[in-house]
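Everything on this sheet refers to the single structure shown next.
Numbering (the working numbering), first residue to last: 1 to 515.
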């Protein structure tokens, strides 16, 4: 009996190993080259398994992969939401079970197609993976966190092609190289076990992949060597390091506002064009709290710079009370509000409860002052030093959404966030790394202001020019070079992903042709 149990347990060990390997490629480990071989144990095991076993392997891989990269969610639920440690871990596990269905379906499809056709893994694996990763980014409001391509944010020469394919093109390359390794290892077995195995398929596949990698690397080197025309915008970022669970306490409000005013006064000395405070930096509802609003206005009039800050605002008055929005507002040097953007993509169970009529028994998982109403306009601020959009927190992880702000042009990008929810975990580092791809996809330099970090500057080629530490009160100043480039990705969106969807449908429907 013990031998049987041990044997069954070992059957799924490769899936677990692949999960551990892919975790190491993401922040904070950042062993990004590991991702290029991380799927090999899983895919080799799928060759020996039947479809049902393949589904289980993919699910085990998914649980390992997603829990290892998303474990930090428990911190928000436990520390700020008041749930017990065990309850918060259970919620994360349930989320990971849902997310694990995508690699489980990938493994099932890969197992069936790889055995029933003579097509190489270097083609099958990336197409199937990209389709499912893309679907995960949109289904049920979408959750594209931990997409494989994000693990490569430090591999600048390889990820410049994101301005054509988006981050999904990088996931494609990573899975294709993993598939090529599997093809090489299994080549003799496939020839011996499959009559009339067309070796040409694999040879052509290897040649095409090698050419693709060379072209991608060459394109990346060329892009990194470019000096794009643009003006310099001098920016100051205020990282207030405010305790998230105390900022709304009446006795703490004055200290919070004074902190931002004092730090901004220090930045104002060199007269930057723009000073940025993080998401919901104000410890009051702007415009609703007359005294604090007036205090902020008086300070702004003597600042001499534009001031962009995050605040809760009143979107509308209803019979049940004010309808609130998570907003970004811009003051010009004269103290006039010249731009207001209401966050469009809200965090489910954090900023609102989805399907509230059905899930009436659930409350938000983190502390707040009420549900927010989403915005519905993709607005940019227009200034003499350039036009920019402000992505609030969670929104920066959605490539399809971010590009919509720039389809009519733009010069740079700002994202403000409150990553205090994540604590001292990998969450803030992962969140920051994803912003690198938004900068490259749209060729827009990016400024990030986070309450507790990581704040920073990223140029339009994805280079991290400066960044702060976690949970330290800091100011960050520097110049960013605007970039008016209109990329293929900005213009046309996820055409590459749609191509993969079409190819996957053709492969599945015409499975007999490829035998």
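For glycine and all other residues, C-beta sits at the position ideal for the given N, C-alpha and C.
> Roughly how many whole angstroms lie between the Cα atoms of residue 106 and residue 351?
Replying inline: Residue 106 and residue 351 have their C-alpha atoms some 32 Å from each other.
> Under a three-way DSSP split, which group does residue 372 fall into?
Replying inline: Note: residue 372 maps to strand in three-state DSSP.
>> Relative to the C-alpha of residue 264, which candidate in 308, 53, 232 and 293 has its C-alpha closest?
In response: For residue 264, the closest of 308, 53, 232 and 293 by C-alpha to C-alpha distance is 308.
>> What would DSSP say about residue 388, mapped onto helix, strand or coil?
In response: Reduced to three states, the DSSP call for residue 388 is strand.
> So the alpha helix (DSSP H) residue 193 belongs to, where does it begin and stop?
Replying inline: Element bounds for residue 193: 167-193.
> Which first and last residues belong to the beta strand (DSSP E) in which residue 99 is found?
Replying inline: Looking at the DSSP string, residue 99 is not in any beta strand (DSSP E); the run it does join, the alpha helix (DSSP H), is 85-116.
> What's the gap between the Cα of residue 482 and the Cα of residue 380?
Replying inline: Near 15 Å, if we compare the C-alpha coordinates of residue 380 and residue 482.
> Can you find at least 3 beta carbon pairs, one from the region 201-212 and one from the region 46-60, that sit closer than 8 Å?
Replying inline: No contact exists between the region 201-212 and the region 46-60.
>> In whole angstroms, give me the CA-to-CA distance for residue 472 and residue 241.
In response: A direct Cα-to-Cα measurement between residue 472 and residue 241 gives close to 6 Å.
>> Tell me the DSSP secondary structure of residue 283 in three-state form.
In response: The DSSP-derived three-state label of residue 283 is coil.
>> Please report whether the beta-carbon of residue 314 lies at a distance below 8 Å from any beta-carbon of chain D.
In response: No chain D appears in the structure shown, which is made up of a single protein chain.
> With 16 as the cutoff for other CB atoms within 10 Å, does residue 361 come out buried or exposed?
Replying inline: Low confidence applies to residue 361: its pLDDT is 45, below 50, so where it sits in the model is not reliable enough to give any reading.
> With C-beta atoms as the reference, is residue 270 less than 8 Å away from residue 141?
Replying inline: It is not a contact, given that the beta carbons lie outside the stated cut-off.
> When every heavy atom of the ligand NAD is checked, does at least one fall within less than 7 Å of the C-beta of residue 467?
Replying inline: As far as ligands go, the structure on display features none, and thus does not contain the ligand NAD.
> Per DSSP, what kind of secondary structure is residue 359 in: helix, strand or coil?
Replying inline: Only weak support exists for where residue 359 lies, its pLDDT of 48 falling under 50; the value from the coordinates is given anyway. Coil at residue 359, not helix or strand.
> Under 8 Å, do residue 253 and residue 272 count as touching if we go by C-beta distance?
Replying inline: Residue 272 sits away from residue 253, with the two beta carbons spaced by 8 Å or more.
> For residue 382, does the count of other Cβ atoms within 10 angstroms reach 16, so buried, or fall short, so exposed?
Replying inline: By the beta-carbon neighbour count (other beta carbons within 10 angstroms, threshold 16), residue 382 is exposed.
>> Which complete beta strand (DSSP E) runs does the region 405-470 hold, if anything under 3 residues is left out?
In response: With a minimum length of 3 residues, the continuous beta strand (DSSP E) runs that stay inside the region 405-470 are 412-417, 446-450, 456-458 and 464-467.
>> Suppose you measure from the CA of residue 113 to the CA of residue 83; what does that come to, to the nearest Å?
In response: Residue 113 and residue 83: Cα-Cα distance of roughly 44 Å.
> Nearest to residue 28 by CA position, among 173, 450 and 154, is which residue?
Replying inline: Of the candidates 173, 450 and 154, 154 places its Cα closest to the Cα of residue 28.
>> For residue 492, count the other beta carbons within 10 Å of its own beta carbon; 16 or more makes it buried, fewer makes it exposed. Which is it?
In response: Exposed, by the Cβ-count rule.
> What do you reckon, are the CB atoms on residue 238 and residue 276 nearer than 8 Å?
Replying inline: In this structure, residue 238 lies near residue 276, with their beta-carbon atoms less than 8 Å apart.
> Where residue 94 and residue 217 are concerned, what is the direct C-alpha to C-alpha distance, given to the nearest angstrom?
Replying inline: C-alpha of residue 94 to C-alpha of residue 217: approximately 39 Å in a straight line.
>> Which same chain residues end up closer than 6 Å to residue 446 when comparing Cβ atoms and leaving out the 5 residues on each side of it in sequence?
In response: In chain order, 413, 435, 439 and 458 place their CB closer than 6 Å to the CB of residue 446, counting only its own chain and leaving out the 5 sequence neighbours on each side.
> Are the region 122-135 and the region 493-506 touching, with three or more C-beta to C-beta distances below 8 Å?
Replying inline: Per the Cβ contact rule, the region 122-135 is in contact with the region 493-506 (3 or more Cβ pairs under 8 Å).
> residue 380 bridges to which residues according to DSSP?
Replying inline: According to the DSSP secondary-structure assignment, residue 380 is paired through a beta bridge with 389.
>> Check for me: the beta strand (DSSP E) holding residue 397 runs from which residue to which?
In response: Per DSSP, residue 397 belongs to no beta strand (DSSP E) and is neither H nor E.
> Which value, in whole angstroms, describes the spacing of the CA atoms of residue 319 and residue 290?
Replying inline: The straight-line gap from Cα to Cα measures roughly 22 Å.
>> Our contact map puts residue 147 next to residue 69 with C-beta atoms below 8 Å; I'd like the distance itself, whole angstroms only.
In response: The distance from the Cβ of residue 147 to that of residue 69 is about 10 Å, inconsistent with a contact at the 8 Å cut-off.
>> For residue 479, which residues in the same chain have their Cβ closer than 6 Å to its Cβ, ignoring the five residues on either side in sequence?
In response: Within its own chain, the residues whose Cβ lies closer than 6 Å to the Cβ of residue 479, once the five positions on either side in sequence are excluded, are 232 and 234, listed in chain order.
>> Given this structure, state the Cα-to-Cα distance separating residue 266 from residue 294, to the nearest angstrom.
In response: Answer to the nearest angstrom: the Cα atoms are 21 Å apart.
> Among 18, 151 and 47, which has the Cα closest to the Cα of residue 32?
Replying inline: Residue 151 is the option with its Cα nearest to residue 32.
> Under a Cβ-count criterion, where at least 16 other Cβ atoms within 10 Å of its own Cβ denotes burial, should residue 52 be classed as buried or exposed?
Replying inline: The residue is exposed, with fewer than 16 neighbouring Cβ atoms inside 10 Å.
> Would you report the Cα separation of residue 14 and residue 41, rounded to the nearest angstrom?
Replying inline: Those two C-alpha atoms are separated by around 5 Å.
>> For residue 44 and residue 224, I'd like the C-alpha separation in whole angstroms.
In response: Between the C-alpha atoms of residue 44 and residue 224 there is a straight-line separation of about 36 Å.
>> Suppose you measure from the CA of residue 411 to the CA of residue 164; what does that come to, to the nearest Å?
In response: Looking at the two C-alpha atoms, the distance is approximately 18 Å.
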